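Accompanying notes for the structure given below.
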Amino acid sequence: AAAAAVAPTTRDRSATGALGAESGAFAFAGTVGYATSMLSTDALKLGVSAEFGMESLFKQSSSVVGGGLGLQYDINRDFTLGAALNHLGAAGGGFSPPSEAIFGAAYAFNNRVVVLALDGGMPFNGDPSVRSGMEVNLGSLALRGGWRQSFSSIEGSVQSGPTAGAGFKAGVFAIDYAFVPYGDLSTTHRVSAMIDLPNDFFRP
Numbered sequence: 007a008a009a010a011a012v013a014p015t016t017r018d019r020s021a022t023g024a025l026g027a028e029s030g031a032f033a034f035a036g037t038v039g040y041a042t043s044m045l046s047t048d049a050l051k052l053g054v055s056a057e058f059g060m061e062s063l064f065k066q067s068s069s070v071v072g073g074g075l076g077l078q079y080d081i082n083r084d085f086t087l088g089a090a091l092n093h094l095g096a097a098g099g100g101f102s103p104p105s106e107a108i109f110g111a112a113y114a115f116n117n118r119v120v121v122l123a124l125d126g127g128m129p130f131n132g133d134p135s136v137r138s139g140m141e142v143n144l145g146s147l148a149l150r151g152g153w154r155q156s157f158s159s160i161e162g163s164v165q166s167g168p169t170a171g172a173g174f175k176a177g178v179f180a181i182d183y184a185f186v187p188y189g190d191l192s193t194t195h196r197v198s199a200m201i202d203l204p205n206d207f208f209r210p
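Residues 7 to 210 (the numbering used here) make up the sequence shown, in order.
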């Protein structure tokens, strides 16, 4: 999967003391992951990932290599618990990955037509947060909406607010889009593409 985030360009604001001329920001991240089922019931799933990221901010570039680890346990067909350590890696060129521990739960209704999810994140270098969301599956199309709430002491934290998105899947290919506003700071558009290989892909 690959994700890209582009922040809007900032033009000349010398009268307010902000940066002059033009400035912009760009970030790109790629992930390769592998997951497998465990136990005789396949209720427990383990996944690992390797990640690469780079960003350009005000004509300065940096990159980082990291990884992640996740566990998922299906209580039953509709109720799932999960935990993950995301974006573990060393800083490079002043760019530190947003490492965090996450614990969450999801419940599906009507044969997974509607899915409700809630998770809590504990960043290694930041304030904890809670995220909630809902997904409506319409065959190959999925529509999503959610809310982020940071427990930052700063009023009006840019880490809090609504999110929205959509996903499209055809065979082993999937494309997802997310709209994540950060208040007056920026508006972020994230696009990811995924190839979900079949279970017997690596078998003789």
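Quick reminder that beta carbons are idealized off the backbone N, C-alpha and C, glycines included.
A quick note: this is a predicted structure, and the numbers were derived from the prediction, not measured.
Distance, Cα to Cα, residue i vs residue j?
i, j, result
"R209", "G74", "25 angstroms"
"A215", "I81", "Lying before the first or after the last residue shown, residue 215 is absent from the chain, which here runs from 7 to 210."
"S69", "N116", "43 angstroms"
"S105", "E57", "12 angstroms"
"P204", "A89", "24 angstroms"
"A9", "V197", "Reliability fails at A9, whose pLDDT of 39 lies under 50, so the model's placement of it is uncertain and no value is given."
"D84", "G145", "18 angstroms"
"A49", "E61", "38 angstroms"
"Q78", "G110", "9 angstroms"
"D133", "G76", "21 angstroms"
"H93", "F179", "24 angstroms"
Looking at residue i: is its Cβ nearer than 8 angstroms to the Cβ of residue j?
i, j, result
"G173", "I160", "no"
"L124", "S138", "yes"
"S55", "V38", "yes"
"P103", "G152", "no"
"P187", "G167", "yes"
"G53", "A35", "no"
Could you pull the DSSP bridge partners for residue i from this structure?
i, result
"N82", "Bridge partners of N82: none, in fact."
"N143", "A148"
Shorter than 8 angstroms from the beta carbon of residue i to some beta carbon of chain C?
i, result
"N92", "Among the protein chains of the structure shown there is no chain C, as only one such chain exists."
Counting C-beta neighbours from all protein chains within 10 Å, is the total for residue i 16 or more, i.e. buried, or is it exposed?
i, result
"S156", "buried"
"H195", "exposed"
"R150", "buried"
"R118", "exposed"
"G189", "exposed"
"G177", "exposed"
"V121", "buried"
For residue i, report the span of its beta strand (DSSP E) as first-last.
i, result
"L149", "147-156"
"A163", "Position check: residue 163 holds Ser in this sequence, whereas Ala was assumed. No beta strand (DSSP E) holds S163; DSSP gives it neither H nor E."
"A180", "179-188"
"L122", "120-129"
"A112", "106-115"
Quick one: is the Cβ of residue i within less than 7 angstroms of any heavy atom of the ligand PLP?
i, result
"L45", "The model depicted lacks the ligand PLP and carries no ligand whatsoever."
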